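For what it's worth, our numbering labels the leading residue of the sequence shown as 3, then goes sequentially.
What follows is a single structure, written as structure tokens, with notes after it.
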Amino acid sequence: MTVPVPVVFVHGLWLHSTSWRPWIELFREEGYDPCAPGWPGDPDTVEEARQNPESVAGYGIDDVVEHYAALIAELPARPVVIGHSFGGMIAQKLLGQDRAAAAVAIDAAQIKGVLPLPLSALKATFPVFRNPANKRRSVSLTAEQFRFAFGNAIAEEESAALYERWTIPAPGKPLYEAASANFNPHSPAKVDTDNSGRGPLLLVSGGRDHTVPEVVTRATLKQYRHSEAVTDIIGFPDRGHSLTIDGGWREVADTVLTWLRRQSPQTGR
Numbered sequence: 003m004t005v006p007v008p009v010v011f012v013h014g015l016w017l018h019s020t021s022w023r024p025w026i027e028l029f030r031e032e033g034y035d036p037c038a039p040g041w042p043g044d045p046d047t048v049e050e051a052r053q054n055p056e057s058v059a060g061y062g063i064d065d066v067v068e069h070y071a072a073l074i075a076e077l078p079a080r081p082v083v084i085g086h087s088f089g090g091m092i093a094q095k096l097l098g099q100d101r102a103a104a105a106v107a108i109d110a111a112q113i114k115g116v117l118p119l120p121l122s123a124l125k126a127t128f129p130v131f132r133n134p135a136n137k138r139r140s141v142s143l144t145a146e147q148f149r150f151a152f153g154n155a156i157a158e159e160e161s162a163a164l165y166e167r168w169t170i171p172a173p174g175k176p177l178y179e180a181a182s183a184n185f186n187p188h189s190p191a192k193v194d195t196d197n198s199g200r201g202p203l204l205l206v207s208g209g210r211d212h213t214v215p216e217v218v219t220r221a222t223l224k225q226y227r228h229s230e231a232v233t234d235i236i237g238f239p240d241r242g243h244s245l246t247i248d249g250g251w252r253e254v255a256d257t258v259l260t261w262l263r264r265q266s267p268q269t270g271r
């Protein structure tokens, strides 16, 4: 009897882990064994997270990686790790550490070595950077800020609905760590991009993404130029940062499933 391949979904800043629910249902139907654990400190529901914003304050990139690494250690096999935004950075770090059989990084936050810093990305993250004290705090987005950072490529009504359904406060620390990565030789945003023995990696970009513009994803791909492992990139030209949760999520998910099936038996079904 074949054991289902585990899949671990990792959310990014400002979205609750339950935003992966449609993906989990689809991947289970396709024969995988999916789960979507929250970040350290994340309450079980969106409502609880909003009522207890400081429960996530102070957690940084290494804290999140160690949290997911401990969860992965309890699984029967190395999983496929699929992450969005900062979750995409976490997925890459886990893959580089050989804790994952494969990884998919969707609109992933920039890792150490990536230089482009588009103005739209600065505006999207300004709610955190406008106050240095936010490094130790949690920060929430307004509906207008979410519209710019996530929902710019969808109708305003849909953006507002997604904001109400899925958004939660997020720790500011990971953004400060990523912003200083290229000035810190020991930055937690560093990924082992030279690992040629790792599993396959898929980078996914949204062509209209304000938070992680396509130029950032393409610069991330260049960081893997010294690795002989599979590193692919797929773009969705008309999609923004909400591409995992908006009405077009299924197209992205089906593309990820197709890519996984083309990889080794340990990652595809």
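All C-beta atoms in this analysis are idealised placements derived from N, C-alpha and C, irrespective of residue type, glycine included.
What you are looking at is a predicted structure, and each value in this text was computed from that prediction instead of being measured.
Within the continuous beta strand (DSSP E) that includes residue i, where are the two ends?
i	result
Leu204	Leu203 to Gly208
His86	Val82 to His86
Phe11	Pro8 to Val12
Ala105	Ala104 to Ile108
Asp65	Here Asp65 belongs to no beta strand (DSSP E); instead the alpha helix (DSSP H) covers Ile63 to Ala75.
Do you know whose CA, among the options, lies nearest residue i's CA?
i	options	result
Thr246	Thr260, Ser189 and Leu17	Leu17
Gly60	Ala75, Arg167 and Ala135	Ala135
Val12	Thr4, Ser198 and Ile26	Ile26
Pro81	Ala51, Leu164, Gly208 and Tyr34	Tyr34
Gly115	Gly98, Ala38, Ala126 and Ala183	Ala183
Pro239	Leu259, Val232 and Arg210	Arg210
Gln225	Ser244, Gly250, Val214 and Thr195	Thr195
Gly242	Arg227, Ser229 and Val214	Val214
Gln268	Pro202, Val217 and Val206	Pro202
Ala157	Arg227, Glu216, Ala103 and Gly249	Gly249
Leu143	Pro120, Glu160, Glu159 and Trp168	Trp168
Phe148	Glu160, Lys137 and Arg139	Glu160
Ala145	Ala123, Leu121 and Ile170	Ile170
Ile63	Lys137, Ala103, Gly208 and Thr257	Lys137
Cys37	Arg23, Asn133 and Ser140	Arg23
Lys125	Glu179, Phe88 and His212	His212
His86	Tyr165, Thr47, Leu262 and Gly208	Gly208
With a threshold of 16 other CB atoms inside 10 Å of the CB of residue i, please say whether the residue is buried or exposed.
i	result
His188	exposed
Thr222	buried
Arg101	buried
Asp109	buried
Asn186	exposed
Glu216	buried
Gln53	exposed
Ser19	buried
Arg200	buried
Pro190	buried
Going along the chain, which residues of its own chain have a beta-carbon closer than 6 Å to the beta-carbon of residue i, five neighbours each way excluded?
i	result
Pro42	Tyr61, Asp65 and His69
Pro39	Leu73
Gly234	Gly is not the amino acid found at residue 234; the sequence shown has Asp there. Excluding residues within five positions, the ones whose Cβ falls inside 6 Å are Leu204.
Leu177	Thr127 and Val130
Pro118	Val217, Val218 and Ala221
Phe152	His243 and Ser244
In chain order, what residues of the same chain lie with their CB nearer than 7 Å to the CB of residue i, ignoring the 5 residues before and after it?
i	result
Val58	Trp41, Gly43, Asp44, Ser140, Pro171, Ala172 and Pro173
Runs of alpha helix (DSSP H) wholly within the segment 115-150 (minimum 4 residues, chain order)
Residue ranges of uninterrupted alpha helix (DSSP H) with 4 or more members, entirely inside the segment 115-150 and ordered along the chain, are 121-131.
Quick check on the DSSP output: what are the complete alpha helix (DSSP H) runs of length 4 or more inside the segment 158-208, in order along the chain?
Counting whole runs of 4 or more residues, the segment 158-208 contains the alpha helix (DSSP H) stretches 158-168 and 175-181.
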